[in-house]
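Visitor: Chains as they are written, first to last, in the working numbering: chain X, 213 to 441; chain D, 213 to 441; chain P, 213 to 441; chain S, 213 to 441; chain R, 213 to 441; chain W, 213 to 441.
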């Protein structure tokens, strides 16, 4: 078992650079994902439990077993202020692994939010706490504490690989994973991109067509586009 | 056909005790479901049509045919103040079986809300009426009135067995069915549970770890959990 | 390829009569769909990106390729004030084909909204702009500009046939397509229907049962409905 | 917990009459379901693991927890020759709860097959054993033995209520549940139905139209059907 | 209602040219779809009920109501030898609209097969009859005969527009719709394509790389592909 | 872009040890997955295109763009005898990325099979070639060659992380990924496991209960299981 990442808690992880996290927190998921070359996005079924939820921070990862939230309690002890918990499961499971009690504990440890490829409950309380959660489901069904998973091992969460310490950014457009090693590079690229967009937005608002602004007419013609009446 | 529950309206049903219903209405679905031993929850695809919808009351059950809402009209006559209508269908069907006219009629009879394993429409009107509906879909598609189903027979709605008179509690976490015979017992257990939670919440907010509060360290070690650096 | 509707932009389309569009905009999707005889509704997975989104106008159609939004830029040039863009895709694809830049461009051209059988992004911005979008998904994932589709050819969008110029009406109940040729007829029928509903609503609110108002008791008895105690 | 059916094994159940089971085994699921008035069918996602799988017998029911097959081992002891195991789960879960070892044990006890609203594995072995299984998924993922469910309590399996002792019939068209109390009545009705079908088949093969054989022309005309050229 | 295609049977339809149908029957769906410029394919959830099912012929279209197969009986009378029935439904519905009796009737009329965006039953019998059916589901659940749909109106079936008389080709790769007016053109294009493929296959089997055969190395380099060690 | 794994072909990868691959090929996916501690399994939607498909070999990985199979042609050149191609996509996409021409090319290079989180076509030909493919869909829809992905970068395929050179084992129970570094260890563990199973099977066939063989009675009693009559 030791070779396969189950039953392990890694205490010392290298979190992404704080300045990079701070900078990334200023940009939207779409911009960051675009700036990264369009990789690292979680599946579109991951949705915020309340409108406007937003979170950005280094990942503490959790590997859960179906119907079992034991490892979320183990993870709590590993949390540092600013962390975002990312919980994957060894199989598709909608059970309510997380509720207001765990949220209270996570917040007391300084955690900023939760990304979980599973279900959550107590969403009314979580909303009142403005504790941001992005999940695959909402379910009142509680879980047991019987089988080991792991904390701070690499996980695949909603189709994206997450290594402990990677930066997680989540907003209404979805959840993106930014590798710790390139976090500042990604932040810089997102910044450049958003700066660039303001100019484009102004032109388009003034009635300039994307066809002209992006110089698409020639490639469209080459590709064979025909205009008919 | 008489033997199989189709084409029947049962007029006299035994509704759960009013005091139990009143008491259950004070607790959340997650607490009640937990207190009941984690049975009786509908599937997670059942969602409220507006944020904050909540309802609690004894079930008047309806068995619908696909694309046909005849039995909802038949059910209206059987409603008593405080009832919650639970509509199942003989097959998966997203059609809009229910809209503002039926809601007006149900409310005139004193019904408090609708749980339907099917689609609903007029959701803007229903929201303005604050008539709580939990459904599998929203669909503008209307239905015919041509084929018999039943009223007040046992039904399976979104994966849960509902007997007429059982208590239905629905909130943002989902929909749970509490058997009429054990409604007060469930309410008492939910009460005990929520009381207990306030204390836990305070401890967790103060930074106590679930690992310690729930005494998990020893069983985790026994299960073989290893901490590494 | 010329025979099969790819790589084509049709410039001259016949938009539905303006008076019909104006009249249709006063009615809900459920009423219009009902008035049309219950045809022309898109699948129920098409959902508004913000609560209360509503749009009505003649369709400019777009046929997209998966992961490619080139044709949306081509479509922008064909837009006239009041138009609603309807974008289908040659395969199921949740990518974020559309964001705030395209919305800015579409709005500058006078377009009122977008119906897309695909994903969209920048939903926070689109919401702040109150630019109504109904889509199958929300996704931060951007798209390329490499493969031709078409503009203003007939498309199947979320299960409904849309011809350029048809009227699209979308509200919280869904999205319906009204053929241009019968738009006024549909508007008249919807008007008659809604007028009729006010009267029914009053009766039902006063406690009259649908069973009596719709004279259902005899057909129910003929169908074999049995009341038991 | 005692009130809610978890942690219980009921040893004495009343199996449906053997003659009724034997008679039902001669008919197809479609005929039986039809004869019963079209109730009691499991969801269409339940599929046989090999072409031609067929099984008929009284149900021994099992309520599983997600990712946990402990109760299947408990159920083995309760099996009698001719039984069919019906396994439900407290939540949607595709894990491989069952494989060739359990099949060997079940067969040694005389069980005829398995219906499981979950996953199974070792399908190559099960196929070679011609041990019929109808399941929601195939998955190599094994399960733990940590949390109690129940044996021989009423369960909802794939949308259908199953009481211990009810007759389960499964064939390529799906899985139907026949209540023990009306099993012979259902068998008789299925027999009448199939006898009746032979005659209809001969007529239709000879070119007689259903329109005439079922005397549909008049009701169609009354309903307003119009023929155009 | 007359304006919206419900309650109508069109008797005189123009079937695609027989020679074109015959020629199309020699090619696979993938080749035909490719030859047509990649339009006209039904959704991938449409699957054959038995391995190796294949059918090709002009479409007689049917628009069904959920849970109601009345119009399939009406359609039988409109069938001519060689026809393929294409059945759409006004909403998603898995019920078993079609079984061996209707297949017997359809075959007696000369129909070659069925494409249905709904469920079918008696699949064991249909398989023994080698009556090819492509459907969205298999379900034992029967249907009523109560509500009008239409026969030989344009329908959207599994995401594809089908006009009566269009050629339907279905094989293990899926179902494609070839407009009647361009059927011979499509057949010619498919023929050219398949001829072309034999040559390519030989080269690839001999070890020639697609990179070289299709001259991809230069465009890949231009697009920025980098080889690393 | 260079930092994020797009537009890259890695030529030199370290394939798992040949002896380990050979040994793994003797065991089933369920046994190997179990032996590995239940990690590394792809989602259950990955299904073989024909009954009995089986493959085992080191992975050459491909990252595809939706509707675009360019990178499969690039991958062909990197194949060595015994390889298994594993193709992921940057988004969910069912298009037919792969058919008999590419299979001919892959086979000419010595590749043994394909695992693709996308669609395939020409399944009749692929079946006749007995070229094993495990995919998420079957689709006749072809793809373009316009946008770069990568070859031999780490990918997430159907929920599982695959590094180039990892061993892929696929059989009727699913697809499992064995990290190259621990391939022999996994093979040994699988061997031990299967040896162990033969003995268990014999006991169970002789009527010994799992309850006794696995000594479950005491833990079940401790957990509170109650037998009632």
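Just so you know, even glycine gets a beta-carbon here, dropped at the ideal spot from N, CA and C. In this text, all values refer to a predicted model and were calculated from it rather than measured experimentally.
(1) Tell me, please, whether the CB atom of residue 370(S) is closer than 9 Å to any CB atom in chain X?
(2) Using a Cβ cut-off of 9 Å (strictly closer), state whether residue 325(X) contacts chain D.
(3) Which residues in chain D have a C-beta closer than 8 Å to the C-beta of residue 421(S)? List them in chain order.
(4) Could you give the distance in angstroms between the alpha-carbon of residue 440(W) and the alpha-carbon of residue 280(S)?
(5) Using a Cβ-Cβ distance cut-off of 9 Å, determine whether residue 385(P) contacts chain D.
(6) Can you list, in chain order, the residues of the region 224-257 of chain X whose Cβ is nearer than 9 Å to any Cβ on chain W?
(7) For residue 307(D), go through chain R and note every residue whose CB falls closer than 7 Å to its CB, in chain order.
(8) Using beta-carbon positions only, say whether residue 203(S) and residue 324(S) come within less than 9 Å of one another.
(9) Is there contact here, the region 379-389 of chain W with the region 244-259 of chain W, by at least three beta-carbon pairs under 8 Å?
(10) Which residue's Cα is closest to the Cα of residue 309(W): 350(W), 336(W) and 320(W)?
(11) I'd like to know if the region 406-420 of chain P and the region 419-437 of chain X are in contact, where contact means that at least 3 CB-CB pairs between them fall below 8 Å.
(12) With a threshold of 6 Å on Cβ separation, who are the neighbours of residue 257(D) within its own chain once the five nearest residues in sequence on each side are excluded?
(13) Cα-Cα, which of 352(S), 232(S), 219(S) and 287(S) is closest to residue 398(S)?
(14) To the nearest angstrom, how far is the alpha carbon of residue 272(X) from that of residue 319(X)?
(15) Cβ of residue 437(X) within 9 Å of Cβ of residue 286(P)?
(16) To the nearest angstrom, how far is the alpha carbon of residue 288(R) from that of residue 345(R)?
(17) How would you list, in chain order, the residues of chain W whose beta-carbon sits under 8 Å from the beta-carbon of residue 373(X)?
(18) Can you tell me where the alpha helix (DSSP H) with residue 415(W) in it begins and where it stops?
(19) Going by the CB atoms, is the gap between residue 402(W) and residue 254(W) shorter than 9 Å?
(20) With DSSP as the reference, label residue 422(S) as helix, strand or coil.
(21) Between which two residues does the beta strand (DSSP E) containing residue 434(S) stretch?
(22) Could you tell me whether the Cβ atoms of residue 240(S) and residue 269(S) are closer together than 9 Å?
(23) Quickly, what does DSSP pair residue 222(X) with across the bridge? List them, please.
(24) Within a Cβ cutoff of 7 Å, which residues of the same chain sit near residue 321(X), ignoring the five residues on either side of it in sequence?
(25) CA-CA distance, residue 330(R) and residue 369(P)?
(26) Going by DSSP, which residues form a beta bridge with residue 277(X)?
(27) I'd like the span of the alpha helix (DSSP H) that includes residue 241(W), first residue to last.
(28) Per DSSP, residue 259(D) forms a beta bridge with which residues?
(29) Consult DSSP for residue 362(P) and reduce its assignment to one of helix, strand or coil.
(30) Shorter than 9 Å from the beta carbon of residue 447(X) to some beta carbon of chain D?
(31) Looking at the structure shown, is residue 337(S) part of a helix, part of a strand, or coil, going by DSSP?
(32) Terminal residues of the continuous beta strand (DSSP E) containing residue 299(R)?
(33) What first and last residue would you give for the beta strand (DSSP E) that runs through residue 388(X)?
(34) Using a Cβ-Cβ cut-off of 9 Å, state whether residue 335(X) counts as contacting chain S.
(35) Rounded to whole angstroms, what is the Cα-Cα separation between residue 217(R) and residue 304(W)?
(36) List the residues of chain R that residue 356(D) touches, going by C-beta distances under 8 Å, in chain order.
Guide: To lay it out plainly:
(1) no
(2) no
(3) None at all; the shortest Cβ gap to chain D is about 23 Å.
(4) 22 Å
(5) yes
(6) 248, 249, 250, 251, 252, 253, 255 and 256
(7) 278 and 303
(8) Absent from the model: residue 203(S). The displayed extent of chain S is 213 to 441, so no value can be given.
(9) yes
(10) 350(W)
(11) no
(12) 348
(13) 232(S)
(14) 14 Å
(15) yes
(16) 16 Å
(17) 366, 368 and 373
(18) 395-417
(19) no
(20) helix
(21) Careful: residue 434(S) lies outside any beta strand (DSSP E), inside the alpha helix (DSSP H) at 429-435.
(22) no
(23) 440(D)
(24) 288 and 291
(25) 19 Å
(26) 280(X)
(27) 241-247
(28) 347(D)
(29) strand
(30) Look at the range of chain X in this structure, 213 to 441, and you will see that residue 447(X) is not part of it.
(31) helix
(32) 296-301
(33) 386-390
(34) no
(35) 36 Å
(36) 277, 358 and 359
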